[in-house]
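**Q** One structure is given below, represented as structure tokens, and several questions about it will come after.
In this note's numbering, the protein residues as written are 43 to 234.
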């Protein structure tokens, strides 16, 4: 292995460490606790080393968002591939999405609530974000109904899930009724 390859591998490992540490700190204490100073202390590198990877917290949030979007897409696909039928897939998708949001609140915020400097619904949208939407579209497009654009239907269904996730987390909806909300959403928004 050349010196250059070793340096690139070490740089990639440091970057993964920064992202993992930011994510861990955000999940434990919230995103306000994530500062470049605290990250540098936790990973035992200087702030200039941290800045050689990311220009600041915004880019770190973006990196966590991209990682989280990849995980969310895999979670949704795993859940939907385990069931048969369009309605069952829509239900599995909704449950997987809401479980992901509940289980990873800081990551969910990085993807959908915070400014990570990432473009959404644009040509320059990063591939992991496009893939996360594609994971939703794969199952929801088949239940959009005749004459309904599958992408528009998916956006609307996703907006409903996002509302359920954020309102439940904010204590505005009773968690005990989450399953009933999913059933209601699937039964009313799907044609199949």
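Cβ coordinates follow ideal geometry from the N, Cα and C atoms, glycine included.
Have a look at 49, 115, 78 and 83 and flag the residue whose alpha-carbon is nearest the alpha-carbon of residue 97.
**A** As a first step, residue 97 is located in the chain shown; it is residue number 55 there, counting from the start. The shortest CA-to-CA distance from residue 97 to any of 49, 115, 78 and 83 is the one to 78.
**Q** So, helix, strand or coil for residue 190, using DSSP?
**A** In the chain shown, residue 190 corresponds to position 148, counting from 1. Reduced to three states, the DSSP call for residue 190 is coil.
**Q** Please go through the segment 54-136 and give each complete alpha helix (DSSP H) segment of 4 or more residues, from N-terminal end onward.
**A** 78-85, 89-95 and 99-123
**Q** Would you check if the segment 184-194 and the segment 210-227 touch, i.e. whether three or more CB-CB distances between them fall below 8 Å?
**A** no
**Q** How would you call residue 43, buried or exposed, if buried means at least 16 neighbouring beta carbons within 10 angstroms?
**A** Numbered from 1 along the chain shown, position 1 holds the residue referred to as residue 43. Exposed.
**Q** So, helix, strand or coil for residue 169, using DSSP?
**A** Residue 169 sits at position 127 when you count from the first residue of the chain shown. Residue 169 falls in the helix class under three-state DSSP.
**Q** List the endpoints of the continuous alpha helix (DSSP H) containing residue 147.
**A** As a first step, residue 147 is located in the chain shown; it is residue number 105 there, counting from the start. Element bounds for residue 147: 147-154.
**Q** In angstroms, rounded to a whole number, what distance separates the CA positions of residue 112 and residue 45?
**A** In the chain shown, the residue the question calls residue 112 occupies position 70. In the chain shown, the residue the question calls residue 45 occupies position 3. Their backbone Cα atoms lie some 31 Å apart in a straight line.
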